[in-house]
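No gaps in the numbering here: position 102 of the sequence shown is 111 in our numbering, and each next residue is one more. Beta carbons: idealized from backbone N, C-alpha and C, even for Gly. Given the structure is predicted, the values throughout are model-derived calculations rather than measurements.
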Amino acid sequence: MLKAPKPEENFGVNCVQGEADPRVVIVHETQGTTVEGAVNTLKTRSDGSAHEVCGPDSRGRLRVVKLVKSLRTILCHTGGQNTGSVGVEKVGISAWKRAFRLASRTERRNISLTAFRTARNLHKIGSPPRYLGVRTLNRGSHVSDFRGWCYHADCTKAFGTTTHSDPGIKGISWPHKRFKTLVRFYYQFPGERDLDIGPRKARRRLRSAHE
Ligand SMILES: [Zn+2]
10 MLKAPKPEEN
20 FGVNCVQGEA
30 DPRVVIVHET
40 QGTTVEGAVN
50 TLKTRSDGSA
60 HEVCGPDSRG
70 RLRVVKLVKS
80 LRTILCHTGG
90 QNTGSVGVEK
100 VGISAWKRAF
110 RLASRTERRN
120 ISLTAFRTAR
130 NLHKIGSPPR
140 YLGVRTLNRG
150 SHVSDFRGWC
160 YHADCTKAFG
170 TTTHSDPGIK
180 GISWPHKRFK
190 TLVRFYYQFP
200 GERDLDIGPR
210 KARRRLRSAH
220 E
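The following block contains the structure:
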């Protein structure tokens, strides 16, 4: 079993837009393959930033790096929807096939780690592990009308304020059901740090907790 690593602090980004109470976690994919690469880009860009990055470093070790101290800081991760949202970046390439994602141990564990961090951040901002899909988001005018989590792609489809479709390509390369189950699981069991728990075991434990 691999335990979720403790977050490292590497504060400082260029694109900051003020402060607000966050209500939503938005999940992204970096389009790169290392956490160092993503951190360097997000720290230096004038038009892009995020609250934290999850992924393997150049030696293949999974890491979590926080780029700002407070989740209240408004960063530039989802144009038009930055206020009231926390940006979590998963290292990876959207075109990666689903079969690769599940066969690669590092990628599979990174998907779990990103779900783990999404759940942690939801706890921190006092929001439930509720997935906000496009149909839900369409009922509002801004992502912060809701509490829960979604993908960058959902904001693009619902609000049209950005063009990105990360993480992955939904229904083709991104294991949405798996990710959704794992967010619920890590949220329900905040002491659980095992990244090797699969969705079947997670679902079983969620069910028995409700019986
Ligand atoms: Zn994105």
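Whole angstroms is fine: what's the gap from G89's alpha carbon to T171's? Locating residue 89 in the sequence shown gives position 80, where the first residue counts as 1. Locating residue 171 in the sequence shown gives position 162, where the first residue counts as 1. Spanning the two alpha carbons is a distance of roughly 7 Å.
Does the count of Cβ pairs from the stretch 35-53 and the stretch 82-102 closer than 8 Å reach three? The stretch 35-53 is in contact with the stretch 82-102.
Since Y226 is in the alpha helix (DSSP H), which residue starts that stretch and which ends it? A query on residue 226 cannot be resolved here, the shown segment of the chain reaching from 10 to 220 and no further.
Give a single yes or no on whether D175 has its beta carbon closer than 8 Å to a heavy atom of ligand 1. As a working mapping, residue 175 is identified with position 166 in the sequence shown. The answer is yes for D175.
Indicate whether S94 and V33 have their beta-carbon atoms separated by less than 9 Å. For the purposes of this step, residue 94 is taken as the residue at position 85 of the sequence shown. For the purposes of this step, residue 33 is taken as the residue at position 24 of the sequence shown. Yes; because the gap between Cβ atoms is below 9 Å, this pair is in contact.
L122 and V73 - do their beta-carbons sit closer together than 9 Å? Residue mapping note: residue 73 aligns to position 64 of the sequence shown, counting from 1. Residue mapping note: residue 122 aligns to position 113 of the sequence shown, counting from 1. Yes. Within cutoff.
Measure the Cβ-Cβ separation of A59 and H86 and say whether it is below 9 Å. The residue given as residue 59 occupies position 50 in the sequence shown. The residue given as residue 86 occupies position 77 in the sequence shown. Going by C-beta atoms, A59 is nearer than 9 Å to H86.
Whether or not the stretch 204-214 and the stretch 137-148 are in contact is what I'm after, with contact meaning three or more pairs of Cβ atoms, one per stretch, closer than 8 Å; do they touch? As far as the Cβ criterion goes, the stretch 137-148 does not touch the stretch 204-214, which means the pair count is below three.
Inspect the beta-carbon positions of H185 and D175 and report whether they are closer than 9 Å. The residue given as residue 185 occupies position 176 in the sequence shown. The residue given as residue 175 occupies position 166 in the sequence shown. Against a cut-off of 9 Å, the Cβ pair of D175 and H185 comes out as no contact.
Taking 8 Å as the limit between beta carbons, can you name the residues of its chain near T50, skipping five residues before and five after? Sequence index remark: in the sequence shown, residue 50 carries index 41 (1-based). Contacts found: T39, G41, G57.
Ligand 1 and H60: does the residue's C-beta get closer than 8 Å to at least one heavy atom of that ligand? Translated into the one-based positions of the sequence shown, residue 60 becomes position 51. H60: no, Cβ never under 8 Å from ligand 1.
Leaving out five residues on either side along the sequence, give the residues of the same chain with a beta carbon under 7 Å from the beta carbon of R81. Sequence index remark: in the sequence shown, residue 81 carries index 72 (1-based). Excluding sequence neighbours, R81 sits near E28, A29, D30, P31.
Which of the three DSSP states is assigned to P65 in this structure? Position 56 of the sequence shown holds residue 65. Correct three-state label for P65: strand.
Can you determine whether any heavy atom of ligand 1 sits closer than 8 Å to the C-beta of E17, and answer yes or no? Walking along the sequence shown from the start, residue 17 turns up at place 8. Shortest gap from the CB of E17 to any heavy atom of ligand 1: 8 Å or more.
Can you tell me whether DSSP reads S153 as helix, strand or coil? Counting from 1 along the sequence shown, the entry for residue 153 is found at position 144. S153: helix per DSSP, three-state reduction.
If you draw a straight line from the alpha carbon of P199 to that of P16, how long is it in whole angstroms? Sequence index remark: in the sequence shown, residue 199 carries index 190 (1-based). Sequence index remark: in the sequence shown, residue 16 carries index 7 (1-based). One Cα belongs to P199, the other to P16, and the distance between them is close to 15 Å.
Excluding sequence positions up to five away, which residues of its chain have a Cβ less than 7 Å from the Cβ of A211? Your numbering for residue 211 matches position 202 in the sequence shown. If the five residues before and after A211 are omitted, its C-beta is found closer than 7 Å to the C-beta atoms of T190, L191, F194, all from its own chain and listed in chain order.
Nearest to S182 by CA position, among G149, T145, R117, is which residue? In the sequence shown, counting from the first residue as 1, residue 182 sits at position 173. S182 has its Cα closest to that of R117, out of G149, T145, R117.
Going by C-alpha to C-alpha distance, which of I83, H151, K179, G64 sits closest to F168? Mapped onto the sequence shown, residue 168 falls at position 159. F168 has its Cα closest to that of H151, out of I83, H151, K179, G64.
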